[in-house]
Amino acid sequence: GHRSVDASGETTYKKTTSSTLKGAIQLGIGYPVSNPSSKPERDVLMQDFYVVESIFFPSEGSNLTPAHHYADFRFKTYAPVAFRYFRELFGIRPDDYLYSLCNEPLIELSNPGASGSLFYVTSDDEFIIKTVMHKEAEFLQKLLPGYYMNLNQNPRTLLPKFYGLYCVQSGGKNIRVVVMNNILPRVVKMDLKFDLKGSTYKRRASKKEKEKSSPTYKDLDFIQDMPEGLMLDADTFSALVKTLQRDC
69 GHRSVDASGE
79 TTYKKTTSST
89 LKGAIQLGIG
99 YPVSNPSSKP
109 ERDVLMQDFY
119 VVESIFFPSE
129 GSNLTPAHHY
139 ADFRFKTYAP
149 VAFRYFRELF
159 GIRPDDYLYS
169 LCNEPLIELS
179 NPGASGSLFY
189 VTSDDEFIIK
199 TVMHKEAEFL
209 QKLLPGYYMN
219 LNQNPRTLLP
229 KFYGLYCVQS
239 GGKNIRVVVM
249 NNILPRVVKM
259 DLKFDLKGST
269 YKRRASKKEK
279 EKSSPTYKDL
289 DFIQDMPEGL
299 MLDADTFSAL
309 VKTLQRDC
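Count along the sequence shown from 1, add 68, and you get the number used in our numbering.
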């Protein structure tokens, strides 16, 4: 994958240090033009799903952007109006979104997945930021009109909540990140944690993973440890099945 650790012990992604990436993300999202509170209120139009806003951040600063300690970078915001609409639908106020993402340090998570992605969580535990590959970002962009339709027709959706899609361009590299809801906040005590993908190929937690204090188990572990599945009361089961059917 693109993720590695440099000589100083810091995580790097596409040869960009984690601290540089965090700084660029916070500067980019907090910048007035990409700033979610600066957008006028209006309905989402089809073309809004394909808009990309781009701002250049030279390290010495410019008449539009502040000086910073990182290499020059360009910050792209995908479908800003559409994502602002999604955030509103999910009850996220623009000022809260900015405050969570830009005012406190982002915390890097150790990633149990095999994707090689970098994960950050905001200090208040509300949002996850994940690096995504080009094809994943492209897929999410293509999904947006359908996602919009589903959210309007199915407000109880169990699909992931996507709050923003961005790209940091620096040193000839593109690093794309998606902002999502954090479904595993630290305040919730986990008895067991499963990452289920609906397949069985290579879907067993490794020996090393199982030795962790809070391991993430996989599909084959679930089949083995929970042969009866999960017991839900009738109303919860019915609501869950209905929501899943509408999401498909």
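Glycine included, every Cβ here is placed at the ideal spot set by N, Cα and C.
The structure displayed is predicted, hence computed values, not measured ones.
Cα-Cα, which of the options is closest to residue i?
{"i": "Lys82", "options": "Asp315, Gly266, Asp287, Val236", "result": "Val236"}
{"i": "Tyr165", "options": "Phe195, Phe290, Leu132", "result": "Phe195"}
{"i": "Pro223", "options": "Arg254, Arg314, Lys286", "result": "Arg314"}
{"i": "Tyr146", "options": "Tyr231, Thr84, Ala75", "result": "Tyr231"}
{"i": "Ser238", "options": "Pro134, Arg271, Pro295, Phe143", "result": "Phe143"}
{"i": "Ala150", "options": "Pro134, Leu113, Gly129", "result": "Leu113"}
{"i": "Tyr285", "options": "Asp293, Ala273, Glu296", "result": "Ala273"}
{"i": "Leu157", "options": "Asn220, Ser282, Gln209, Ser72", "result": "Asn220"}
{"i": "Lys90", "options": "Arg161, Gln115, Ile197", "result": "Ile197"}
{"i": "Val119", "options": "Pro295, Asp293, Pro148", "result": "Pro148"}
{"i": "Leu186", "options": "Arg71, Arg110, Thr304", "result": "Arg71"}
{"i": "Asp192", "options": "Ser168, Asp116, Asp303, Ala205", "result": "Ser168"}
{"i": "Lys210", "options": "Gln115, Gly129, Leu288, Ser127", "result": "Gln115"}
Whole angstroms are fine: how far does the CA of residue j sit from the CA of residue i?
{"i": "Ile251", "j": "Lys257", "result": "12 Å"}
{"i": "Ser306", "j": "Asp259", "result": "24 Å"}
{"i": "Val247", "j": "Thr225", "result": "17 Å"}
{"i": "Asn171", "j": "Ser183", "result": "28 Å"}
{"i": "His202", "j": "Val245", "result": "10 Å"}
{"i": "Lys229", "j": "Asn249", "result": "6 Å"}
{"i": "Lys241", "j": "Thr88", "result": "13 Å"}
{"i": "Ser86", "j": "Glu78", "result": "7 Å"}
{"i": "Gln292", "j": "Pro253", "result": "27 Å"}
{"i": "Arg161", "j": "Lys270", "result": "41 Å"}
{"i": "Arg110", "j": "Phe117", "result": "14 Å"}
{"i": "Gly159", "j": "Ala75", "result": "42 Å"}
{"i": "Asn131", "j": "Glu121", "result": "18 Å"}
{"i": "Leu288", "j": "Lys278", "result": "13 Å"}
{"i": "Thr80", "j": "Val73", "result": "6 Å"}
{"i": "Lys275", "j": "Pro295", "result": "21 Å"}
{"i": "Asp301", "j": "Lys280", "result": "32 Å"}
{"i": "Asp303", "j": "Gly297", "result": "17 Å"}
{"i": "Ala205", "j": "Glu128", "result": "30 Å"}
{"i": "Phe65", "j": "Phe290", "result": "Summary: the structure shown does not reach residue 65, with the chain confined to residues 69 through 316, and so no result is reported for it."}
{"i": "Leu312", "j": "Asp163", "result": "32 Å"}
{"i": "Cys316", "j": "Val255", "result": "31 Å"}
If I'm right that residue i touches residue j with Cβ under 8 Å, what's the distance once you round it to whole angstroms?
{"i": "Thr190", "j": "Leu174", "result": "6 Å"}
{"i": "Tyr99", "j": "Ile123", "result": "6 Å"}
{"i": "Ile243", "j": "Thr84", "result": "6 Å"}
Does the Cβ-Cβ distance between residue i and residue j come in under 8 Å?
{"i": "Asn218", "j": "Leu227", "result": "yes"}
{"i": "Lys261", "j": "Ser282", "result": "yes"}
Beta carbon of residue i: closer than 7 Å to some heavy atom of the ligand MN?
{"i": "Ala92", "result": "The ligand MN is not among the ligands present in this structure, which contains no ligands whatsoever."}
Give a yes or no on contact between the segment 83–101 and the segment 131–147, applying the rule of three or more CB pairs nearer than 8 Å.
With a cut-off of 8 Å, the segment 131–147 and the segment 83–101 count as touching, because enough Cβ pairs lie within range.
Using 8 Å as the Cβ pair cut-off and three pairs as the minimum, do the segment 199–215 and the segment 258–272 touch?
Cβ pair count under 8 Å is below three, so no.
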